[in-house]
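Engineer: Position 231 (the sequence shown) corresponds to 231 in my numbering; numbering is contiguous.
We put the CB at the ideal spot given by N, CA and C, even for glycine.
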Amino acid sequence: MAIEIKSAESCHYDCISLGEIMLRLDPGEGRVHTARQFTAWEGGGEYNVTRGLRRCFGLRTAVVTAFADNPVGRLVEDFILQGGVDTQFIKWTPYDGIGRTVRNGLNFTERGFGIRGAVGTPDRGNTAASQLKPGDIDWEHIFGKLGARWFHTGGIFAALGDATPDVVIEAVKIAKKHGTIVSYDLNYRPSLWESIGGHARCQEVNREIAQYVDVMIGNEEDFTACLGFEVEGVDENISEIEIDSFKSMIEQAVKTFPNFKATATTLRAVKTATVNDWSAIVWHDGGFHQSREYPELEIMDRVGGGDSFASGLIYGFLASNDPDKAVNYGAAHGALAMTTPGDTSMASLKEVEKVMGGGGARVVR
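#1: I'd like to know if the stretch 46-63 and the stretch 118-131 are in contact, where contact means that at least 3 CB-CB pairs between them fall below 8 angstroms.
#2: Does DSSP put His178 in a helix, a strand or coil?
#3: In chain order, what residues of the same chain lie with their CB nearer than 6 angstroms to the CB of Leu146, ignoring the 5 residues before and after it?
#4: Can at least three beta-carbon pairs, one atom from the stretch 289-308 and one from the stretch 343-353, be found at a separation below 8 angstroms?
#5: Using a Cβ-Cβ cutoff of less than 6 angstroms, which residues in the same chain neighbour Gly334 once the five nearest sequence positions on both sides are dropped?
#6: Would you call Ile243 buried or exposed, if buried means 16 or more other Cβ atoms sit within 10 Å of its Cβ?
#7: Below 7 angstroms CB to CB, which residues in the same chain sit around Ser348 once its five sequence neighbours on both sides are set aside?
#8: Decide if Asp285 is buried, meaning its Cβ has at least 16 other Cβ atoms within 10 Å, or exposed.
#9: In the DSSP assignment, find the unbroken beta strand (DSSP E) run with His199 in it and report its ends.
#10: Is the distance from the Cβ of Ile156 to the Cβ of Leu192 below 8 angstroms?
#11: If contacts are defined as beta-carbon pairs under 8 angstroms, then Leu369 and Trp283 qualify, I think. What distance do you get, rounded to the angstrom?
#12: Assign Asp322 to one of three DSSP states: helix, strand, or coil.
#13: So, for Glu77: in the same chain, excluding its five sequence neighbours on each side, which residues have a beta-carbon less than 8 angstroms away from its beta-carbon?
#14: Counting Cβ pairs, one atom from each stretch, are 3 or more of them under 8 angstroms apart for the stretch 164-174 and the stretch 205-216?
#15: Please report how far the alpha carbon of Thr34 lies from the alpha carbon of Pro27, in whole angstroms.
#16: Since Arg54 contacts Ala273 with CB under 8 angstroms, what's their CB separation in whole angstroms?
#17: Is the beta carbon of Phe260 sitting closer than 8 angstroms to the one on Met216?
#18: So, at 6 angstroms on beta carbons, what are the nonlocal neighbours of Glu240 in its own chain, with the 5 sequence-adjacent residues on each side left out?
#19: Here's the rule I'm using: 16 or more other beta-carbon atoms within 10 Å means buried, otherwise exposed. How should Asp222 be labelled?
#20: Helix, strand or coil: which one does DSSP assign to Phe229?
#21: What's the C-alpha gap between Val108 and Pro122?
#22: Quick check for students: name the residue ranges of the beta strand (DSSP E) that lie wholly in the stretch 8-33, counting only runs of 3 or more.
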């Protein structure tokens, strides 16, 4: 049975996301602790999805977030504008001149190479987005008056502040009220939960939110840490566990949360930081659909690959409502996104569909 999605004609937006966007500072081929210069990008787990939907797939998207109103916040806004994502729902918070009461998040990120894995060092305490609270955003205006076919948010934003889980719940309830499909990427980050209650608080928050989710996205660690579903033999590489065991865990999840219309995960075997086996799988309407496999995929920058998978998956559902096509759009887009630097996709729809069809890497002239 197809997911019931509102028509494009009935909505102002195809997809809206809620989450924090940070200024990413990238030392390129070097290390953060020895760098003399950085390349600046924007990035955020939830935002990267709507950015990919706009820039690669040409859909109408917007982001809901907050910034301290200073030149750093305006720089990130400029990056968002360059990506074509609507910025009208950004909440601007007056800056106190020092960052004592509010600031913008920074993310120092090394890409990794060979045996040296990627490393992220976020500096995001006391940010404007982490201080969002219920009532700050007019969700009735967004979902009721303007309309959106799809809403995407995730576990990173939910872990940022005392009130951010309540903001997510406020948003998803109103989205559901107006017939908007809700997707959620569990995106478990131990460092975000460690000082605010750890696994217990993580599961409490995510199991509450999960009741309102239509499309749940996450890997085996996410489903275990955030929702409490166990799979035997979990390893950092999905290839090291039986896929059937992982499928069994997903089946547990959809029995507990019958509101899930689809669940999806990337399947990654990390051989080195720059060589991974890559594919993806989606559960929908009682069956599993696996994408084509990308063995020994060469990677330039893996950060944001999962977000680009999510945007391709969402595009596939919005464009065709076919889970097999959706998982293949997601896997191909994620693979391409990891061949370029930065969190966000630089791929085109034509390139994605070429890769989906088995196209190679010969020079295009």
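Structural biologist: On the basis of the data shown:
#1: With a cut-off of 8 angstroms, the stretch 118-131 and the stretch 46-63 do not count as touching, because too few Cβ pairs lie within range.
#2: As a working mapping, residue 178 is identified with position 178 in the sequence shown. Three-state DSSP puts His178 in coil, outside helix and strand.
#3: Position 146 of the sequence shown holds residue 146. The residues are His12.
#4: Because the criterion of three Cβ pairs below 8 angstroms is met, the stretch 289-308 and the stretch 343-353 touch.
#5: One-based indexing of the sequence shown puts residue 334 at position 334. So the list reads Gly305, Ser308 and Phe309, once near-sequence residues are dropped.
#6: In the sequence shown, residue 243 corresponds to position 243, counting from 1. Ile243 is exposed by the Cβ-count criterion.
#7: Along the sequence shown, read from residue 1 onward, the residue named residue 348 stands at position 348. Excluding residues within five positions, the ones whose Cβ falls inside 7 angstroms are Cys56.
#8: The residue you call residue 285 lines up with position 285 of the sequence shown. With fewer than 16 Cβ atoms within 10 Å of its Cβ, Asp285 is classed as exposed.
#9: Counting from 1 along the sequence shown, the entry for residue 199 is found at position 199. Run containing His199: none in the beta strand (DSSP E); it sits in the alpha helix (DSSP H), Gly198 to Ala210.
#10: For the purposes of this step, residue 156 is taken as the residue at position 156 of the sequence shown. For the purposes of this step, residue 192 is taken as the residue at position 192 of the sequence shown. At the C-beta level, Ile156 and Leu192 come within 8 angstroms of one another.
#11: Any property of residue 369 remains undetermined from this structure, which presents the chain solely from 1 to 365.
#12: Against the sequence shown, residue 322 aligns to sequence position 322. Reduced to three states, the DSSP call for Asp322 is coil.
#13: Stepping through the sequence shown from its first residue, residue 77 is reached at position 77. Sequence-distant partners of Glu77 (beyond 5 residues in either direction) whose C-beta falls short of 8 angstroms from its own C-beta, in its chain, are Phe67, Thr87 and Ile90.
#14: Flag = yes, the stretch 164-174 and the stretch 205-216 touch.
#15: Numbered from its first residue, the sequence shown carries residue 34 at position 34. Numbered from its first residue, the sequence shown carries residue 27 at position 27. If you take the alpha carbons of Thr34 and Pro27, they lie about 9 angstroms apart.
#16: Along the sequence shown, read from residue 1 onward, the residue named residue 54 stands at position 54. Along the sequence shown, read from residue 1 onward, the residue named residue 273 stands at position 273. A Cβ-Cβ separation of about 29 angstroms leaves Arg54 out of contact with Ala273 under the 8 angstroms criterion.
#17: For the purposes of this step, residue 260 is taken as the residue at position 260 of the sequence shown. For the purposes of this step, residue 216 is taken as the residue at position 216 of the sequence shown. The answer is yes: Cβ separation under 8 angstroms.
#18: Here residue 240 refers to the residue found at position 240 of the sequence shown. With a pLDDT of 48 at Glu240, under the threshold of 50, the modelled position of this residue cannot be trusted, and the question is left open.
#19: To locate residue 222, count along the sequence shown from 1; it is residue 222. Answer is buried; the Cβ neighbour count reaches 16.
#20: Taking the sequence shown and counting its residues from 1, the one referred to as residue 229 is at position 229. Three-state DSSP puts Phe229 in coil, outside helix and strand.
#21: Looking up residue 108 in the sequence shown gives position 108. Looking up residue 122 in the sequence shown gives position 122. The question names Val, but residue 108 is Phe in the sequence shown. Looking at the backbone, the Cα of Phe108 and that of Pro122 are separated by about 6 angstroms.
#22: Taking only runs of at least 3 residues, the beta strand (DSSP E) segments lying wholly in the stretch 8-33 are 13-18 and 22-26.
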